[in-house]
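Structure first, commentary second.
Numbering (our numbering), first residue to last: 554 to 882.
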């Protein structure tokens, strides 16, 4: 299978390229013709460093017969690349956020639907061993009936085009995707959201958001996301605190990070295996969860924020359980 990594703008682009390069049966090609003014040779330099094939234009990529692409460009270029992949009938793995405007997201979904290919949003945490343990714990009844899911994701303020999506558009979808997987795609019954733009200083660009989603089963998901975090940390992400009838489980999906003794660079060490699982599975026609439910909930959250409510149709990842004593009958 021929797979292309489109751009080295995203922090995980080189990880994808390295994993795909070493994957049996994969022919990898890379391209990054839109490098920033300060580093126009970014893509070619990365390709040479990794020892992978590089071409100078998007036209060359799509003329080469690629069967799948990984979109790791700046957010404002996602639509162009995903639409071209759809036209080429190539499966797409796209980094979060898919888009900062609903019209762009819909155009990308439609392009892949017309091309008959899967559009997958990157979610490495879904492929971690800790997340698998969470799902097994729920399926096996370890914590009993799941009553609520509490998730939080706080990051540094976004910059450039990415900032146009705000905290609700960029951070909430990551958590909603994990909730979707935990609940096996159960459709939402009601979505409510409240936002503010205190830290962004731009009306309509939220820097904090609270989202609650109620499901027909009775489970309620409460999502807290924003552009602030504890001192010295790049992100605060404690996705899953799931109280059940018999216990509480907690998932911390952020990878362990180490700081080199003789240098200032911080290196992530915990995402390799989950990203490998994601990169290996996304082009396949089977084993795919029905997609785009988190996107619909994100749109519902935006609508709810304006209407007051809406009814709709740094460590290695760990999973911990606290079991409660059985209550007397």
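Glycine is no exception: its CB is placed at the ideal position from the N, C-alpha and C atoms.
Being a predicted model, the structure only gives us computed values, none of them experimental.
In this structure, residue 565 places its C-beta atom within 8 Å of the C-beta atom of residue 648. Within the same chain, Cβ atoms closer than 7 Å to the Cβ of residue 618 are found at 555, the five residues on either side in sequence being excluded. Only residues of its own chain outside the window of five on either side were considered, and among them 736, 739, 740, 741, 742 and 774 have a CB closer than 8 Å to the CB of residue 768, listed in chain order.
Per DSSP, reduced to three states, the secondary structure at residue 615 is helical. Ranked by how close their Cα comes to the Cα of residue 695, the residues 638, 570 and 802 have 802 in first place. When DSSP states are grouped into helix, strand and coil, residue 693 belongs to the coil group. Ranked by how close their Cα comes to the Cα of residue 569, the residues 646, 614, 588 and 587 have 646 in first place.
Looking from the CA of residue 639, the closest CA among 628, 630, 661 and 626 belongs to 661.
Per DSSP, the continuous alpha helix (DSSP H) segment holding residue 635 begins and ends at 631-640. In the structure shown, residue 656 falls within a helical segment according to DSSP collapsed to helix, strand and coil. Shown here for residue 567: same chain residues with a beta carbon closer than 7 Å to its own, the five before and five after excluded, namely 561, 599 and 603 in chain order. Distance from the Cα of residue 766 is smallest, within the candidate group 781, 700 and 723, for 700. Take the alpha-carbon of residue 622 and the one of residue 799: they are about 43 Å apart.
Residue 673 is bridged by DSSP to 646. Annotation: the continuous alpha helix (DSSP H) that includes residue 569 extends over 566-574. In the three-state reduction of the DSSP assignment, residue 585 falls in the coil class.
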